[in-house]
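These notes concern the structure reproduced below.
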Amino acid sequence: MWLQCSFCKHNRAIALYSTINYTKGEFETDASKKSTVYQKQTNGSYLLVQANVSRKPLDHVPPVFGKTSLQYAGKMWSAEFFALYNGWKKLDKYNADGEDNAQYATADGMPGWATLNIRGSINIKQVAQLQLGVENLLDRNYRYFASGFSAPGRNFIAALRVNF
């Protein structure tokens, strides 16, 4: 499922957008054969076990994720304040035989996260544009789903685009 909404537009210059992505999937297995699965324990943790199962989660299905932004677009300059977010993926939703990198998850799965970001640009005459931005304003430590690497901390972006 993919959803994009333009919640409001004011004077054609200010807009609020949100995009949310949700994916779900399972496949059926031969219940007489043993499969590797994550089984929830009574203490709330998960254990990798061999069990007879008739359904398993699909491999590499991300948790819900999205972006919400408030944008201003004028003749000479533009600005955007936006949040990127990713939901929690519980360990029992991982395919134990797949490539979801469960070894990087916590005992409860991959934690959800959100970042706040800002960027803008200003036109310099008609030949150039200066772009500036700051990503991950709160300097959060987070990891994209199925990635073996943490995402960058706070980072600053500057660019000058020149048209010839």
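Residue numbering for the sequence shown follows the numbering used here, starting at 282 and increasing by one per position. We treat Cβ as the ideally placed atom computed from N, Cα and C, and that holds for glycine.
Taking 3 residues as the shortest admissible run, the segment 358 to 403 contains the following complete beta strand (DSSP E) segments, listed from N- to C-terminal end: 358 to 367. Secondary structure at residue 407: coil, using DSSP grouped into helix, strand and coil.
Burial check for residue 420: the Cβ neighbour count within 10 Å stays below 16, so the residue is exposed. Burial check for residue 429: the Cβ neighbour count within 10 Å stays below 16, so the residue is exposed. The residues 353, in chain order, have a CB closer than 6 Å to that of residue 295 in the same chain once the five nearest residues on each side in sequence are set aside. Residue range 346 to 354 is occupied by the beta strand (DSSP E) that includes residue 353.
Each residue's CA atom was taken as its position, placing residue 301 and residue 399 some 19 Å apart.
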